[in-house]
Amino acid sequence: GLERTFSIIKPDATRRNITGKIISKLEEGGLRVVASKRIHMSQEQAEGFYAVHKERPFFGELVEFMMSGPVVVQVLEGENAVARNREIMGATNPADAAEGTIRAEFAESIGENSVHGSDGPDTAKDEIAFFFSDDEIVG
Ligand code: CMP
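Be aware that the sequence shown starts at 2, since it is given in UniProt numbering, and climbs by one per residue.
So, in structure tokens, the structure goes:
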């Protein structure tokens, strides 16, 4: 059924001015942008958003990268939006990402991988609420 997921266009992509190319891939894949804002994440936001990864060896690097430039945070809506977005993004590591996916076409490395997408419906709810209030989402 109709579902929502959370997406981030990461600093490596805003730096290269390819946010439009990425949003086109999402739209062509059947997703609709129902909320969007360009922000520069604070350390508090980056650490809070990625808190689940705080014991990982790459946590510091991940937080630094996400604060290194503007990002575009979005809510995407569509049929099975969480899974659909993951298909459109491709694997986390661009070396493993299927042809035609965002990460295969645009990602620079496993860390600078152009996009984030929620990994499940429960995570999607939490991640949407982390950045958006209900009145900012217009379906
Ligand atoms: P994302 O979907 O944003 O969720 C966590 C992020 O951690 C992931 O995408 C990657 O960009 C990043 N990540 C995962 N593994 C590594 C790694 N080995 N080194 C650096 N960053 C990583």
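Glycine is no exception: its CB is placed at the ideal position from the N, C-alpha and C atoms.
I'd like to know whether the C-beta atoms of residue i and residue j end up nearer to each other than 8 Å.
i    : j    : result
P95  : A108 : yes
T6   : A82  : yes
A14  : I23  : yes
I89  : I103 : yes
Y51  : V64  : yes
N86  : L3   : no
I129 : V72  : no
Y40  : V116 : It is Ile, not Tyr, that sits at residue 40 in the sequence shown. Going by C-beta atoms, I40 is not nearer than 8 Å to V116.
K126 : V74  : no
G91  : A105 : yes
M67  : A98  : no
I need the boundaries of the alpha helix (DSSP H) containing residue i, first residue and last residue.
i    : result
I24  : T20 to E29
I111 : Note, I111: premise wrong, no alpha helix (DSSP H); not H, not E.
E106 : I103 to F107
By the three-class DSSP mapping on this structure, what secondary structure does residue i have?
i    : result
R39  : strand
I129 : helix
T93  : coil
E48  : helix
V72  : strand
V53  : helix
E100 : coil
V34  : strand
Can you give me the start and stop residues for the beta strand (DSSP E) that residue i sits inside?
i   : result
R16 : From DSSP, R16 is part of no beta strand (DSSP E) but of the alpha helix (DSSP H) over P12 to R16.
L63 : It is not in any beta strand (DSSP E) - L63 instead sits in the alpha helix (DSSP H) that spans F60 to M67.
Since residue i contacts residue j with CB under 8 Å, what's their CB separation in whole angstroms?
i   : j    : result
K11 : N114 : 7 Å
E78 : G30  : In fact, because the Cβ distance is near 12 Å, the residues do not count as touching under 8 Å.
R17 : G70  : Not confirmed; about 10 Å, so no contact.
Measuring alpha carbon to alpha carbon, tell me which of the options ends up nearest residue i.
i    : options          : result
F132 : G61, R57 and M42 : M42
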